[in-house]
Amino acid sequence: MEFKTELKQRQEEAEKIIYSFLPKEEGLQKTIFSAMNYSVKAPGKRLRPILMRETFRMFGGQDERVLHSFMAALECIHTYSLVHDDLPAMDNDDYRRGRETTHKVYGEAMGILAGDALLHHAFDTAAASFAIPDCNPVLIGKALKILTEKSGINGMVGGQVVDVEMEGKPLNAEQLDFIYRLKTAALLECAMMIGAVLAGAGTEEVLKIEGIARKVGIAFQIQDDILDQISTTEELGKPVGSDEKNHKMTYVVLNGLPKSQEAVKRMSEEAVAELDSFEKDHDFLKELILFLIHRRK
Ligand code: GRG
């Protein structure tokens, strides 16, 4: 099957799984359920759940029931971060994934609450997997720890804090690397590490996967910066030139476009070479990482 057809199929499968964990829009608080579902159902790439599932498969994972809970949980956390990132107090963006942002549709207070609700829903969804018959509670515990760490103060939130604090200030390469590693790469590390853990991979293997995902994540953020400069709002589904508007120092500002494009390619290829060294079946995962080098949205 052609890669793009296969990717679309996996995105559809991921969406079906994720949507099955979303709340019903009923009850007196139904506005929050509706805002959560609006945010998650906006057409995203579903990269993190797909990476999780592909890594799970690479390590020979079979029973996907627990995995599905974590795929949904991670997409809820990612979505909450986007909803909060778009708020007036942060990037103040009106469009995301080709639609009006959550706070534009539901108001700022409900935007904040929808992000909060998605974060809680994520952990509720992941923790509920302990009740799956014949599950392995030790592996679920390990996966929960990764989910918490990578999304929290030593992961995504920590990176966002430094990003916000450093706005309009000059940054050196080391500081920028710190922000990219925490703000963006941490959730990709989370995806691939949980996939590996739930499939029963060993500690050394999970550590190696973390390093691989870090490279993919940093390359992904640099490509995000590149697209913010060279793409269009129509193609991206969100405003371009947002980094300049927010006086953000990015890899592209620091190193220029050609060097940034080179870095995306180099890091992605290094990640793929390290994946190859596992000598496990990972054809789609490999193609996906290489596809991200040239992604247009
Ligand atoms: C705690 C108040 C509070 C806010 C948290 C942590 C945070 C806000 C924001 C995270 C920072 C962020 C948005 C990082 C950028 C990462 C990135 C490139 C996101 C876009 O990911 P894609 O392209 O999005 O996978 P789609 O829409 O395809 O899912």
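No gaps in the numbering here: position 181 of the sequence shown is 187 in the working numbering, and each next residue is one more. Just so it is clear, CB atoms sit at the ideal spot from N, CA and C, and this is done for glycine as well. Being a predicted model, the structure only gives us computed values, none of them experimental.
Residue i beta carbon near the ligand GRG (any heavy atom closer than 8 Å)
i              : result
serine 87      : yes
histidine 127  : no
histidine 308  : Residue 308 cannot be examined here, being either before or after the span of the chain that is shown, 7 to 303.
glutamine 227  : yes
glutamine 166  : yes
aspartate 91   : yes
aspartate 69   : no
methionine 162 : yes
glycine 121    : yes
arginine 187   : no
arginine 302   : no
threonine 190  : yes
arginine 272   : no
aspartate 100  : no
methionine 96  : yes
arginine 103   : yes
leucine 153    : no
leucine 260    : no
aspartate 249  : no
valine 177     : With the sequence shown as reference, residue 177 is identified as leucine, and valine is not the correct amino acid for it. Flag unset: Cβ of leucine 177 not near the ligand GRG.
aspartate 230  : yes
aspartate 169  : yes
Beta-bridge partners of residue i, as assigned by DSSP
i            : result
tyrosine 86  : Partner(s): none; tyrosine 86 has no beta bridge.
arginine 105 : Arg102
Own chain partners of residue i with C-beta closer than 7 Å, once the 5 adjacent residues on each side are dropped
i             : result
glutamine 242 : It is worth fixing the name first, because residue 242 is leucine in this sequence and not glutamine. Answer for leucine 242: Leu233, Lys303, listed in chain order.
alanine 48    : Arg102, Arg103, Arg105
glutamate 81  : Ile24, Val46, Arg52, Arg54, Pro55
histidine 84  : Arg54, Leu193
Reference residue i; option with closest CA among the options
i              : options                        : result
isoleucine 200 : Leu188, Phe9, Val144           : Val144
glutamate 151  : Gly113, Arg220, Leu204         : Before going further, note that residue 151 is lysine rather than glutamate in the sequence given. Residue Leu204 is the option with its Cα nearest to lysine 151.
proline 55     : Lys30, Gln68, Tyr44, Lys22     : Lys22
tyrosine 25    : Thr11, Ser40, Leu13            : Ser40
valine 246     : Glu31, Lys10, Gln229, Ile218   : Gln229
proline 139    : Leu188, Arg71, Lys36, Asp231   : Arg71
valine 258     : Lys36, Ile146, Phe226          : Phe226
lysine 271     : Lys286, Leu296, Lys251         : Leu296
proline 176    : His253, Pro29, Lys30           : His253
lysine 286     : Arg63, Met42, Arg16, Lys14     : Arg63
histidine 127  : Lys148, Val163, Asn178, Asn43  : Asn43
leucine 88     : Gly66, Gln68, Leu125           : Leu125
glutamate 12   : Ile299, Arg301, Asp289, His300 : Asp289
Own chain partners of residue i with C-beta closer than 6 Å, once the 5 adjacent residues on each side are dropped
i                : result
phenylalanine 27 : Ala78, Thr131
histidine 90     : Gly121
lysine 221       : Met273, Glu276, Ala277
phenylalanine 9  : Glu293
glycine 165      : Ile185, Leu188, Lys189
leucine 57       : Ala197, Met198
isoleucine 159   : none
Residues near residue i by beta carbon distance below 8 Å, same chain, minus five either side
i             : result
isoleucine 38 : Met116, Leu119, Ala120, Ala123
valine 170    : Met96
glycine 217   : Glu280
glutamate 135 : For the sequence presented, residue 135 should be read as serine rather than glutamate. These residues qualify, in order along the chain: Arg71, Val72, Ser75, Phe76, Cys141, Ile146.
lysine 30     : Phe39
Residue i Cβ short of 8 Å to the ligand PLP heavy atom set
i          : result
glycine 50 : With respect to small molecules bound, the structure shown includes the ligand GRG and not the ligand PLP.
9 Å Cβ cutoff, residue i in contact with chain B
i             : result
isoleucine 38 : Among the protein chains of the structure shown there is no chain B, as only one such chain exists.
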